[in-house]
Amino acid sequence: MTLHLPTWMHSLRFRLAVMYTLLALALVTLVGAVMTVQLLHDLDGQFQARLSERADRLAEGFNSPSAGLGQTQVAPAGSYSMVVDAAGHVLFATAGLREYEKAPFPFPGLTEVRLDDTPVKVATRPLKAGGFIWVGLSEDVIMQARQSALRVLTFAVIGTPLLTLLLAWLAGRRALRGLGQAAMLAGRINPSTSVAALPLPRRQDEVYELLSAINLLLSRIETQQSREKQLLGQIVHELGAPLTVLRASLAQAASLGTDPDVRRAALVADELTFTTQDLMQLARGQLELKLAYHYIPARQLRERLDRLVPGTTFTGDWGAFVLCDPDRLTQALRNLLANGRRAAGKDGDVTLDLHETPEAVRFVARDSGAGLPPELGERIFDPFVSGSGSSGLGLSVSRQIARMHGGDLTGGNWRHPDGELGGAEFILGLPGLDLTDDDASEDPDETDLSDADLGAPRTTDPTTPIRPGGQATPPAPGGPPPTPTGR
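If you're matching positions, the sequence shown starts at 7 in this note's numbering and goes up one per residue.
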């Protein structure tokens, strides 16, 4: 069974904190144990010295009575003593040992005894008159010192690592903040659209070195992309003229007869033309392209798409009008339908549905193929990524065109009502027309649009909307799409 740990337990900050905690635990345990042993050894030595000093004083008092004249002998707490004669009988005993007086000495040869359940260390000194004096000191004090030392050691072994873990976690959070920000910024990098350098921190530490390395990599990517775009531009330029001549020749040949081979060759030439257009758009990039907006009937798009991708089923409201760059939008929709036809095969179904609301215009392309590989996800829109063995340019260019119009392109798989997989589905959405109340209330006779108005191109930057009357105005960030002339 696999143990799933929380994400934060896999972080570098947590692992460093744990490592520092283990080091602190080892050091505190080792140093604390050595210090405790040394402390207890010193306490035991001091206790033994006190016991010896007590025994020497008492023996001196009995052996030289004149030496102790004028001195007051105060027995320390927990002190015991007995005087034993040469025959081994107790002649005198202090309080607590009175029961042993006039009786044989009860502790011959012992250096430690228990009195009243208290351990007592003893020492003996010989007397000149014969016999010896027996002295004992209670070990209560030294036992309390041992217990205190062990409690301190236990607290240090447990508390110090926990405190170290907390402090290391907080310190690591602060110290590695730059690394987290670097990861966040690096995650936002999209080499296909932007290779802006990452900001460098003031401190030239490991984070600085990491960001510098990333910036160096981005610079190399930018240089490589520039070379690739130049190469693509040269390829498209070299292919453009021959393809134009080829398409003209095939169109002339098709007008003179009904040879199916000529028609197939014309379709192949169209396919190559669209591929070169995709390459050109990829080479130039979005910022170098301009959109020529027209307010056209959607049926014009349908007629062009029907010629480019025969066998497509069109559903929805194709009587609506669409504000777009017809050539670019046709290119985007044609890429979706061509992918669908390639996936569905000659006998498969490819449909394009148009649904218009005041807020949006949605083109939904579906096919009856095997569907999109789930492992690709959003990568299906990256250049040169394909799940069907094609060039991998069509979807990337189609999404770019949709976003240039202020919309977007999304993809996935659709299912039948019974839950069975139906194939791939792509939704190309464009912003709807924002018609004001004043526009809608105008007299229809006064707002009749001529053919010239409907077809007149408006070449603008893709992000610059057109006011009624044909004047371009700077768009607000995330603002509405261009509005049609005369509406």
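Where a beta carbon is used, it is the ideal one built from N, C-alpha and C, also for glycine. Predicted model, so just to flag it, every value in this text is computed and none were measured.
- For residue 148, the uninterrupted alpha helix (DSSP H) segment begins and ends at 146-181.
- For residue 432, the enclosing beta strand (DSSP E) has its first and last residue at 427-437.
- A direct Cα-to-Cα measurement between residue 312 and residue 250 gives close to 21 Å.
- Contact between residue 297 and residue 331 holds, since their C-beta atoms are separated by about 4 Å, short of 8 Å.
- For residue 146, same chain residues with a beta-carbon under 7 Å away, outside a window of 5 residues either side, are 84 and 124 in chain order.
- Judged by DSSP in its simplified three-state form, residue 362 adopts strand.
- With 16 or more other CB atoms across the displayed protein chains lying within 10 angstroms of its CB, residue 375 is buried.
- For residue 299, the uninterrupted beta strand (DSSP E) segment begins and ends at 297-303.
- Contact annotation: residue 318 and residue 343 have beta-carbon atoms nearer than 7 Å.
- Going by C-alpha positions, residue 231 is about 16 Å away from residue 403.
- Annotated three-state conformation of residue 392 is coil, per DSSP.
- Counting C-beta atoms within 10 angstroms of its own C-beta, residue 65 has 16 or more neighbours from the protein chains shown and is therefore classed as buried.
- The continuous beta strand (DSSP E) containing residue 120 extends over residues 118-121.
- Here residue 88 is buried, its C-beta having at least 16 other C-beta atoms within 10 Å.
- Of the candidates 310, 327 and 365, 310 places its Cα closest to the Cα of residue 338.
- About 7 Å separates the CB atoms of residue 361 and residue 323; that is less than 8 Å, so the two are in contact.
- Contact check for residue 367 against residue 328 passes: the beta carbons are separated by less than 7 Å.
- Each residue's CA atom was taken as its position, placing residue 276 and residue 187 some 48 Å apart.
- Annotated three-state conformation of residue 50 is helix, per DSSP.
- Beta bridge pairing from DSSP links residue 260 with no other residue.
- Judged by their CB atoms, residue 428 and residue 420 are nearer to each other than the 7 Å cut-off.
- Taking every protein chain shown into account, the CB of residue 167 has 16 or more other CB atoms within 10 angstroms, so this residue is buried.
- Under the 8 Å Cβ criterion, the stretch 156-176 does not count as touching the stretch 123-137, having fewer than three qualifying pairs.
- Leaving aside the five residues that flank residue 27 on each side, the residues in its chain whose CB is nearer than 7 Å to its CB run, in chain order, 167, 170, 171 and 174.
- Looking at the DSSP output, residue 371 shares a beta bridge with 358 and 432.
- Residue 247 places its beta carbon 7 Å or farther from that of residue 221.
- As the crow flies, the alpha-carbon of residue 177 is around 9 Å from that of residue 19.
- Rounded to whole angstroms, the separation of the alpha carbons of residue 138 and residue 91 is 7 Å.
- With respect to residue 96, residue 109 sits close: the two C-beta atoms are nearer than 7 Å.
- Burial of residue 130 is indicated by the presence of at least 16 other C-beta atoms within 10 angstroms of its C-beta.
- Our two residues, residue 211 and residue 22, have alpha carbons roughly 17 Å apart in a direct line.
- In the three-state DSSP reduction, residue 113 falls in the coil class, being neither helix nor strand.
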